[in-house]
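This report refers to the structure that appears directly beneath it.
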Amino acid sequence: MTELKIDWHPDKTAATPIYQQITNYFQQAIASGDWPMGAKLPAQRKLAAQFGVNRSTLITALDELIAVGLITSNQGSGMMVSGNHWSSLLAEHVNWAQYVHAGQFKPNTHAIQKINQFETDDVIRLSTGEPAPEQFPRRLFQKAFAKLGANLTSLNYTEPAGILALRSQIARHLAKVGIQTQPENILITSGSLQALQLVSVSLFPKNATIYTEAPTYVKSLQVFQSANTHLSGVPMDNQGMAYWQLTPPAADSQAIMYTIPTFNNPTGIVMSAERRQQVLAYAQEHQMPILEDAAYQDVWFEEQPPQPLKALDTTGNVIYFGSISKSLAPGLRLGWTVASKPVIDRLTDVRMQTDYGASSLSQLVLAEILADPDYETYQANFRAVLAKKAAAAQAILQKYWGHGIATWQAPTGGFYLWIRLADQINIPKLFDMATAQNVLFNPGNIYDFRPNQFIRLSFSYESTVRFERGIRILTQLIEQNFPVGGKTDVTKRTPDSSVF
797 MTELKIDWHP DKTAATPIYQ QITNYFQQAI ASGDWPMGAK LPAQRKLAAQ FGVNRSTLIT
857 ALDELIAVGL ITSNQGSGMM VSGNHWSSLL AEHVNWAQYV HAGQFKPNTH AIQKINQFET
917 DDVIRLSTGE PAPEQFPRRL FQKAFAKLGA NLTSLNYTEP AGILALRSQI ARHLAKVGIQ
977 TQPENILITS GSLQALQLVS VSLFPKNATI YTEAPTYVKS LQVFQSANTH LSGVPMDNQG
1037 MAYWQLTPPA ADSQAIMYTI PTFNNPTGIV MSAERRQQVL AYAQEHQMPI LEDAAYQDVW
1097 FEEQPPQPLK ALDTTGNVIY FGSISKSLAP GLRLGWTVAS KPVIDRLTDV RMQTDYGASS
1157 LSQLVLAEIL ADPDYETYQA NFRAVLAKKA AAAQAILQKY WGHGIATWQA PTGGFYLWIR
1217 LADQINIPKL FDMATAQNVL FNPGNIYDFR PNQFIRLSFS YESTVRFERG IRILTQLIEQ
1277 NFPVGGKTDV TKRTPDSSVF
């Protein structure tokens, strides 16, 4: 279908914001049938010039139109008009624009929305925080499915807190890291994200302050902000959160501490055993609950990290979040929350108002896998492969970026390399150029409370060959567009070369 011809300009003297005028114009053209389903829209740059606006204003309008399903944006084919339920409602003159941003839940930033849209198999995903597909333990799952197949009698809703067999296996699993708990103190969730959301809407008072490491994974989410709370970043050193630098909460205010003490995402920092004791004592002194995110607890290379804060907690001050997404399979969508019984009861009650529990089949499968003696062998092999991939990724970075483009610290576990790029490199510009070349990395500022010169790369997901191919492309973009000293001739290397 040929490209739509647009002969319209916003009224810059009107009281209505420019982006809203653009949104209203698109809605009217689609609802009236003037723009049929599948019609191709001009490119963003062309539209911005046509309307006489900057691209950020245009993108604000386009994001709103995409959110309600009126237009779609596809890599390689540009933007086009969609035909869906929302479009039909608009044809009946329902103005959905006034509702799109009226809900309590805040939208992701533009960069994060773009990252989510670009995580496809066609893209070299240099930041994806998932195990590599080739590390999937097929035999473990085949054994679990075979055993279940002979004994499965129903797939009804589970008990509210989750299947008892799974909670029992998780309690046994947690004992290995020093957490002594019982099934009644465990809630099964649909991953750690659901646990965060449940806690934020169930336990946080309005306008509470959430103290968290800076940078941190939760800064890239809107779950806490959507619950009318405030995030406050606390600096880190090489031992973890510098808790003494936070301002103690006022006597009449509520505060919570959120921490990823084991392989912090994105930095990879591991909080020392001494610092864990200090943080716990500080929180107890100020009657401040702690949310401990332990998604990477089992993903260590050579040395097991210190015991979780929850293992040291004698007063029920810590709510512990665990997950199988990083060490086994994110598609199972299973996590767990460990807390005192009143907290678990509260979270369970709220959870039953939002869904009726995580997948019963996923829970049954995971219970079988955790009970299988071969699971420990799988975990050891998983860690060994991950350590080799981490070493390979660093060798690649040293070859291409070790001459002044970037610096980083060697990780001891987790999935990530927290990389500081040279000051001359404009990271937002590099991000846009890289996505145009089907290479995706995560800018560091989505995790931080202020702009920084970092990016997060993952060595877990892509093969070493594809990781190097992505770094080659980034290197070429850097050397062609930014004045970084000590350039390396990347054209003399074959795209698929490996460091081993």
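Read left to right, the sequence shown gives residues 797 to 1296 (my numbering). C-beta atoms are modelled at their ideal positions from N, C-alpha and C, and glycine is treated no differently. Just so it is clear, the structure is predicted and the values come from calculations on it, not from any experiment.
Nearest neighbour of T1203, chosen from F1178, F1227, Q1249 [CA to CA] = As a first step, residue 1203 is located in the sequence shown; it is residue number 407 there, counting from the start. The shortest C-alpha separation from T1203 is found at Q1249.
For A810, which residues of its own chain have a beta-carbon under 6 Å away from its beta-carbon, when the five flanking residues on both sides are left out?
-> As a working mapping, residue 810 is identified with position 14 in the sequence shown. Excluding residues within five positions, none has a Cβ falling inside 6 Å.
Three-way DSSP call (helix, strand, coil) for S883 in this model = One-based indexing of the sequence shown puts residue 883 at position 87. At S883, the pLDDT of 49 sits below 50, so the modelled position is not reliable; the number obtained from the coordinates is stated separately. Helix, per DSSP.
Using alpha carbons as the reference points, say which of E955, F1000, K1002 lies closest to I982.
-> Looking up residue 982 in the sequence shown gives position 186. Nearest of E955, F1000, K1002 to I982, Cα basis: E955.
C-alpha gap between D1168 and L922, whole angstroms | Stepping through the sequence shown from its first residue, residue 1168 is reached at position 372. Stepping through the sequence shown from its first residue, residue 922 is reached at position 126. Between D1168 and L922, the alpha-carbon positions lie close to 33 Å from each other.
Please classify S883: is it buried, with 16 or more other beta-carbons within 10 angstroms of its beta-carbon, or exposed?
-> The residue you call residue 883 lines up with position 87 of the sequence shown. Legend: pLDDT at S883 = 49, less than 50; position of this residue unreliable, no value from coordinates given.
Cα separation between T1287 and I1274?
-> Mapped onto the sequence shown, residue 1287 falls at position 491. Mapped onto the sequence shown, residue 1274 falls at position 478. Unreliable placement is indicated for T1287, whose pLDDT of 43 sits below 50; the coordinate value is still reported in the next sentence. Whole-angstrom Cα-Cα distance: 13 Å.
Looking at the unbroken beta strand (DSSP E) that takes in Y1116, where does it start and where does it end?
-> As a position in the sequence shown, residue 1116 is number 320, starting the count at 1. It spans 1114-1119 - the beta strand (DSSP E) in which Y1116 sits, taken as one unbroken run.
Return the Cβ separation of L1130 and G987 in integer angstroms, given the expectation that the two are a contact with Cβ distance under 8 Å.
-> Start at 1 with the first residue of the sequence shown, and residue 1130 comes out as number 334. Start at 1 with the first residue of the sequence shown, and residue 987 comes out as number 191. About 7 Å separates the CB atoms of L1130 and G987; that is less than 8 Å, so the two are in contact.
Tell me where the beta strand (DSSP E) around L1202 begins and ends.
-> Counting from one through the sequence shown, the residue named residue 1202 turns up at place 406. Reading off the sequence, residue 1202 comes out as Ala, not Leu. Counting along the chain, A1202 sits inside the beta strand (DSSP E) bounded by residues 1202-1204.
So, using beta-carbon positions, are L962 and L1162 closer together than 7 Å?
-> On the sequence shown, position 166 is the one that residue 962 refers to. On the sequence shown, position 366 is the one that residue 1162 refers to. In contact: L962 and L1162 (Cβ atoms closer than 7 Å).
With C-beta atoms as the reference, is S878 less than 7 Å away from L866?
-> Sequence index remark: in the sequence shown, residue 878 carries index 82 (1-based). Sequence index remark: in the sequence shown, residue 866 carries index 70 (1-based). Their beta carbons are under 7 Å apart, which means S878 touches L866 by this criterion.
Taking the C-alpha atoms as reference points, what is the distance between V1114 and G1036?
-> Indexing the sequence shown from 1 puts residue 1114 at position 318. Indexing the sequence shown from 1 puts residue 1036 at position 240. Straight-line Cα distance between these residues: approximately 17 Å.
With distances taken from CA atoms, which of F1255, A839, S1123, Q1272 is nearest Y1196?
-> Here residue 1196 refers to the residue found at position 400 of the sequence shown. Looking at the Cα atoms, Q1272 is the closest of the given residues.
Alpha carbon to alpha carbon, what distance is there between P1224 and I911?
-> For the purposes of this step, residue 911 is taken as the residue at position 115 of the sequence shown. For the purposes of this step, residue 1224 is taken as the residue at position 428 of the sequence shown. Approximately 13 Å between the Cα atoms of the pair.
Pair every Cβ in the stretch 1166-1181 with every Cβ in the stretch 1028-1035, then say whether three or more of these pairs are closer than 8 Å.
-> Of all C-beta pairs linking the stretch 1166-1181 to the stretch 1028-1035, fewer than three are shorter than 8 Å, placing the two stretches out of contact.
Are there three or more Cβ pairs, one per stretch, closer than 8 Å when the stretch 1093-1105 is compared with the stretch 1209-1225?
-> Cβ pair count under 8 Å is three or more, so yes.
Does the beta-carbon of L1017 have 16 or more other beta-carbons within 10 angstroms, so that it is buried, or is it exposed?
-> Looking up residue 1017 in the sequence shown gives position 221. Buried: at least 16 other Cβ atoms inside 10 Å.
With contact counted as at least three CB pairs below 8 Å, one residue from each stretch, are the stretch 971-980 and the stretch 1018-1027 in contact?
-> Here the stretch 971-980 makes no contact with the stretch 1018-1027; the two share fewer than three CB pairs at distances below 8 Å.
Shortest alpha-carbon distance to K1297 belongs to which of T1063, L994, V997, T985?
-> One cannot answer for residue 1297 here, as it falls past the ends of the chain, which runs 797 to 1296.
How is Q869 classed by DSSP in three states: helix, strand or coil?
-> Numbered from 1 along the sequence shown, position 73 holds the residue referred to as residue 869. Gln is not the amino acid found at residue 869; the sequence shown has Ser there. Note: S869 maps to strand in three-state DSSP.
Is DSSP giving T798 helix, strand or coil here?
-> Here residue 798 refers to the residue found at position 2 when the sequence shown is read from its first residue. Coil.
State yes or no: is the C-beta of K801 nearer than 6 Å to some heavy atom of the ligand ATP?
-> Absence of the ligand ATP from the depicted structure is noted, as is the absence of any ligand whatsoever, leaving it without description.
Can you name, in chain order, every residue of its own chain whose Cβ lies under 6 Å from the Cβ of L992, other than the five neighbours on each side?
-> Here residue 992 corresponds to residue number 196 of the sequence shown, with the count starting at 1. In its chain, beyond the 5 residues on either side, V1019 have a beta carbon closer than 6 Å to the beta carbon of L992.
Per-residue burial, K842 [other beta carbons within 10 Å of its own, 16 or more giving buried] = Walking along the sequence shown from the start, residue 842 turns up at place 46. With fewer than 16 other Cβ atoms within 10 Å, it is exposed.
In terms of residue numbering, what span does the beta strand (DSSP E) encompassing V1161 cover?
-> By one-based count along the sequence shown, residue 1161 stands at place 365. Boundaries around V1161 are those of the alpha helix (DSSP H), 1156-1167, since no beta strand (DSSP E) includes it.
What number of angstroms, rounded off, separates the C-alpha of F1059 from the C-alpha of N1034?
-> Residue numbering aside, residue 1059 sits at position 263 when the sequence shown is read from its first letter. Residue numbering aside, residue 1034 sits at position 238 when the sequence shown is read from its first letter. Going by the C-alpha atoms only, they are around 11 Å apart.
Are there 16 or more other CB atoms within 10 angstroms of the CB of G1153, so buried, or fewer, so exposed?
-> Numbered from its first residue, the sequence shown carries residue 1153 at position 357. With 16 or more other Cβ atoms within 10 Å, it is buried.
Taking Cβ positions, are Q1103 and G974 nearer each other than 7 Å?
-> For the purposes of this step, residue 1103 is taken as residue 307 along the sequence shown, with counting starting at 1. For the purposes of this step, residue 974 is taken as residue 178 along the sequence shown, with counting starting at 1. The answer is yes: Cβ separation under 7 Å.
Have a look at the DSSP bridge pairing and note the partners of K836.
-> For this step, residue 836 is matched to residue 40 along the sequence shown. Paired residues: E799, M876.
Minimum length 3: unbroken beta strand (DSSP E) runs contained in the stretch 1188-1234 = Those beta strand (DSSP E) runs which fall completely within the stretch 1188-1234 and span 3+ residues are 1202-1204, 1212-1217.
When you compare only the Cα positions, how much space is there between K808 and G958?
-> Within the sequence shown, numbered from 1, the residue matching residue 808 stands at position 12. Within the sequence shown, numbered from 1, the residue matching residue 958 stands at position 162. Answer to the nearest angstrom: the Cα atoms are 56 Å apart.
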